[in-house]
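Worksheet: the structure to be examined is printed underneath.
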Amino acid sequence: MKFGGLKFLEASHIKDVMAVLRFAHNPRGRMAGFRVAQLVPGIGAATATRLLDAMAQAPDPHQALQAFEPPAQAKEEWAQLSALFAKLDDAELAWPADMELAKAWYLPQLERLHDDAQVRKLDVEQLARLAAGYGSRERFLTELTLDPPEVTSDQSGPPLRDEDYLILSTIHSAKGQEWKAVHVLNVVDGCIPSDMATGTTEEIEEERRLLYVAMTRAREHLHLLVPQRFYVSQQSGGGDRHVYAGRTRFISEAMAAQFEHLTWPEGIPVHPGTGAQPQAPVMQVRARARAAWR
Numbered sequence: 364m365k366f367g368g369l370k371f372l373e374a375s376h377i378k379d380v381m382a383v384l385r386f387a388h389n390p391r392g393r394m395a396g397f398r399v400a401q402l403v404p405g406i407g408a409a410t411a412t413r414l415l416d417a418m419a420q421a422p423d424p425h426q427a428l429q430a431f432e433p434p435a436q437a438k439e440e441w442a443q444l445s446a447l448f449a450k451l452d453d454a455e456l457a458w459p460a461d462m463e464l465a466k467a468w469y470l471p472q473l474e475r476l477h478d479d480a481q482v483r484k485l486d487v488e489q490l491a492r493l494a495a496g497y498g499s500r501e502r503f504l505t506e507l508t509l510d511p512p513e514v515t516s517d518q519s520g521p522p523l524r525d526e527d528y529l530i531l532s533t534i535h536s537a538k539g540q541e542w543k544a545v546h547v548l549n550v551v552d553g554c555i556p557s558d559m560a561t562g563t564t565e566e567i568e569e570e571r572r573l574l575y576v577a578m579t580r581a582r583e584h585l586h587l588l589v590p591q592r593f594y595v596s597q598q599s600g601g602g603d604r605h606v607y608a609g610r611t612r613f614i615s616e617a618m619a620a621q622f623e624h625l626t627w628p629e630g631i632p633v634h635p636g637t638g639a640q641p642q643a644p645v646m647q648v649r650a651r652a653r654a655a656w657r
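See below:
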């Protein structure tokens, strides 16, 4: 299932495997090295930085990697990674054996890092098949970056600043799905339940079940958004005609007391004795510009 047309090389598990190959090809590449080092359990940002600094200062970065002393809790896993890079540094290794070695090391990490490892494994296998079509590791890394495949069959990994994502779904389409955080929009009468589905008791109960489905898609964080008002469409710019919205009838006052209530935006503080501040007049720039030419 594709969510948002995620580009193949932007999936976190593909980035991991590519980083292993890039770091083996250029051991002074800090971005790839920083990512690869932290794939080892027990190694964080500080230890990864210490490794990269040592490799940058050493005449032979490969020897510095092999001589690096990781934290005690990471020694066993680090030994496997250093053995992998020793093999990848072998001049007699013929491509695409590099990819097979990197894949063999990464798949156990994939099982540890992702709940949906079986789905993500298919993408890693696809990457290995792509690698077989290139003559060398250098050509593979260069050309795949310049002309990447369009999409991946997998979901995004934990978002970083450059790979954040959002899944938009209807309640009906969300059945059977589950996400870490869920935001349910317009939890007001007229939307939930829909004003077109309140003719019979059966219709209202079906709408109640839909809200239950939406709320139970969340594993850790659930946000029910209740707008205060809906602005009327087809009015002049700056118009303020609106109708007020009421919280859905399915969440009673007793139930609402079990929720944490947050208001956004927060109210503007009023200075004592000054009363409410009048709203600044809306300047109609377009109308004034037209009037200047009359």
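Residue numbers (my numbering): 364 to 657. Glycine residues also receive a C-beta, built at the ideal position from the N, C-alpha and C atoms. Quantities reported herein were computed from a predicted structural model and do not represent experimental measurements.
- By the beta-carbon neighbour count (other beta carbons within 10 angstroms, threshold 16), L588 is exposed.
- DSSP, reduced to helix, strand and coil, places W468 within a helical segment of the structure shown.
- In this chain, the alpha helix (DSSP H) harbouring R483 covers 480 to 494.
- Residue L451 holds the alpha-carbon nearest to the alpha-carbon of M462 among Q472, L451, P471, E455.
- Note that the C-beta distance between G405 and Q429 is not below 8 Å.
- DSSP lists H584 as the bridge partner or partners of A544.
- Out of P424, A442, P390, the CA that lies nearest to the CA of E432 is found in A442.
- In the DSSP secondary-structure assignment, R592 is bridged to Y607.
- In the DSSP assignment, F613 falls outside any alpha helix (DSSP H), carrying neither H nor E.
- For T561 against I567, the beta-carbon gap comes to about 6 Å, under 8 Å, which counts as contact.
- Remark: C-beta atoms of R610 and A620 do not approach each other more closely than 8 Å.
- Between the alpha carbons of K466 and Q420 lies a distance of about 29 Å.
- Secondary structure of S599 (DSSP, three-state): coil.
- Per DSSP, the beta bridge partners of S557 are G553, C554.
- Rounded to the nearest whole angstrom, the C-alpha separation of T412 and E373 is 23 Å.
- Residues of the same chain with a CB within less than 6 Å of the CB of Q598, apart from the 5 flanking positions on each side, are R604 in chain order.
- Counting of Cβ neighbours within 10 angstroms places G407 among the exposed residues, the total staying below 16.
- Of the other Cβ atoms in all chains shown, fewer than 16 fall within 10 Å of the Cβ of E455; this residue is therefore exposed.
- Secondary structure at D453: coil, using DSSP grouped into helix, strand and coil.
- The DSSP-derived three-state label of H624 is coil.
- Bounds of the alpha helix (DSSP H) holding V380 are 375 to 388.
- Taking all protein chains in view, the Cβ of E541 is surrounded by fewer than 16 other Cβ atoms within 10 Å, so the residue is classified as exposed.
- Burial state of W627 is exposed, judged by a 10 Å Cβ sphere holding fewer than 16 other Cβ atoms.
- Around the C-beta of G601, fewer than 16 other C-beta atoms lie within 10 Å, and the residue is accordingly described as exposed.
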